[in-house]
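Using the numbering used here, you'd call the opening residue of the sequence shown number 109 and step up by one each time.
For glycine and all other residues, C-beta sits at the position ideal for the given N, C-alpha and C.
A short write-up of the structure that comes next.
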Amino acid sequence: AVCIILWFLGAYPKADPHALERLPQDERQTVQIEQSLLGGIGRTIEPALRPLGFDWRIDIGILSSLIAREVFVGTMGVVYGVGKGSDENSETLQEKFQNARRPDGSRVFTFPVVLALLIYYMLACQCVATLGVVRRETGTWKWPLFLFSYMTILAYTGAFLARMGAKWMGLC
């Protein structure tokens, strides 16, 4: 059910088909997602995650990985347009990450940002199934909400400190 919701949010509203025709095949899906509800959600929460160095595309990956952490990689593949419509000349996800740029031209995936992302995933409770088990075992929503809140704050703080520490040491 969650996958269907994510698909819907990424597919609607439809981007202008005439504008998409002028783009290379591997960029069409990225533009569609950027202009979709999912892209809007990513841009809406971007200010909250910007101190970690994340952009709206990474934010979408974090949101989608609430299902399970491993969904992050697949979501990044979709957001960056890797897969459907690709051929032997298309960039891999790793190459897309290396070439990803912010509107100001700076790289998205710098060492401090990747370190922050790793620390975030190491500390965050990003699995709805785990929260469901805690709910079932405790018989209340108090503990799953506490667990999710506590671990999200811990992950955010740890990621922020790791990014700032890496920048302070000049590891950009």
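Test item: CB-CB of residue i and residue j under 7 Å
{"i": "residue 145", "j": "residue 117", "result": "yes"}
{"i": "residue 150", "j": "residue 168", "result": "yes"}
{"i": "residue 76", "j": "residue 205", "result": "Because the chain is modelled from 109 through 280, residue 76 falls outside the range shown and cannot be assessed."}
{"i": "residue 174", "j": "residue 185", "result": "no"}
{"i": "residue 224", "j": "residue 156", "result": "no"}
{"i": "residue 172", "j": "residue 181", "result": "no"}
{"i": "residue 251", "j": "residue 241", "result": "no"}
{"i": "residue 208", "j": "residue 221", "result": "no"}
{"i": "residue 239", "j": "residue 254", "result": "no"}
Expected contact under 8 Å - CB spacing of residue i and residue j to nearest Å
{"i": "residue 187", "j": "residue 210", "result": "The Cβ separation is near 15 Å, so there is no contact."}
{"i": "residue 160", "j": "residue 268", "result": "6 Å"}
{"i": "residue 139", "j": "residue 123", "result": "6 Å"}
{"i": "residue 213", "j": "residue 135", "result": "That pair is no contact at about 18 Å."}
Short CB-CB distance (under 7 Å) between residue i and chain D
{"i": "residue 277", "result": "This model lacks chain D altogether; it includes just one protein chain."}
Minimum length 4: unbroken alpha helix (DSSP H) runs contained in the region 155-231 | 164-172, 179-187, 201-207, 219-231
Using 8 Å as the Cβ pair cut-off and three pairs as the minimum, do the region 260-268 and the region 218-238 touch?
-> yes
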